[in-house]
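*Asks:* One structure is given below, represented as structure tokens, and several questions about it will come after.
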Amino acid sequence: MKAALQLSELRTLDATDLNDKLKEARTELFNLRFQAATGQLENHRQIRAVRRRIAQVLTVMQGRTLGFEEVVVQASGPATPSSAGPRRDGRSKDAPVDPTTADAEETS
């Protein structure tokens with residue numbers, strides 16, 4: 023089994039590399055399931071590890087689609103909330119809050 027990539031390493035890859043990793047992991051999962059069905063699989067934890075790798079790749083891809091993650095050139099540690107994009111209500115983190123409209127939004 024190949025060494026798993028860390029999540030920070032996945033975030034440095036571009037979209038085509040992520041698609042390649044996803045396709046490779048899904049092919050590996052298919053082969054592991056086939057081995058399990060025929061009784062040839064020795065280590066059943068491999069299936070869990072590959073499923074986790076698929077989930078990590080999909081999470082990075084979905085985060086980029088929604089705008090929560092950007093392609094990071096260098097691994098710079100954990101992402102800060104300010105780099106995560108706009109808030110759910112559409113305002114930026116530093117946007118001023120108008121008290122008259124804030125009360126109206128809470129009541130509706």
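Start counting the sequence shown at 23; every next residue gets the next number (my numbering). Heads up, the beta-carbon is just placed ideally off N, CA and C, and yes, glycines get one too.
1. Alpha carbon to alpha carbon, how far is residue 62 from residue 89?
2. Would you identify the three-state DSSP class for residue 62, choosing helix, strand or coil?
3. Can you list, in chain order, the residues of its chain whose CB lies under 6 angstroms from that of residue 23, leaving out five sequence neighbours each side?
4. What does the alpha-carbon distance come out to for the pair residue 48 and residue 76?
5. Hey, how far is the Cα of residue 57 from the Cα of residue 65?
6. May I have the straight-line CA-CA distance separating residue 45 from residue 78, to the nearest angstrom?
7. Where do the ends of the alpha helix (DSSP H) carrying residue 34 lie?
8. What does the Cβ neighbour count give for residue 33, buried or exposed, with the cut at 16 atoms within 10 Å?
9. Check for me: the alpha helix (DSSP H) holding residue 68 runs from which residue to which?
10. Grab me the residues of residue 54's own chain with a C-beta within less than 8 angstroms of its C-beta, minus the 5 sequence neighbours each way, in chain order.
*Replies:* Per the coordinate set shown:
1. 42 angstroms
2. coil
3. With a pLDDT of only 42 at residue 23, under 50, the local geometry of the prediction cannot be trusted, and the value read off the model is given with reservation. The answer, listed in chain order, is 68.
4. 7 angstroms
5. 10 angstroms
6. 13 angstroms
7. Counting along the chain, residue 34 falls outside any alpha helix (DSSP H), and DSSP gives it neither H nor E.
8. buried
9. 67–88
10. 63, 68, 69 and 72
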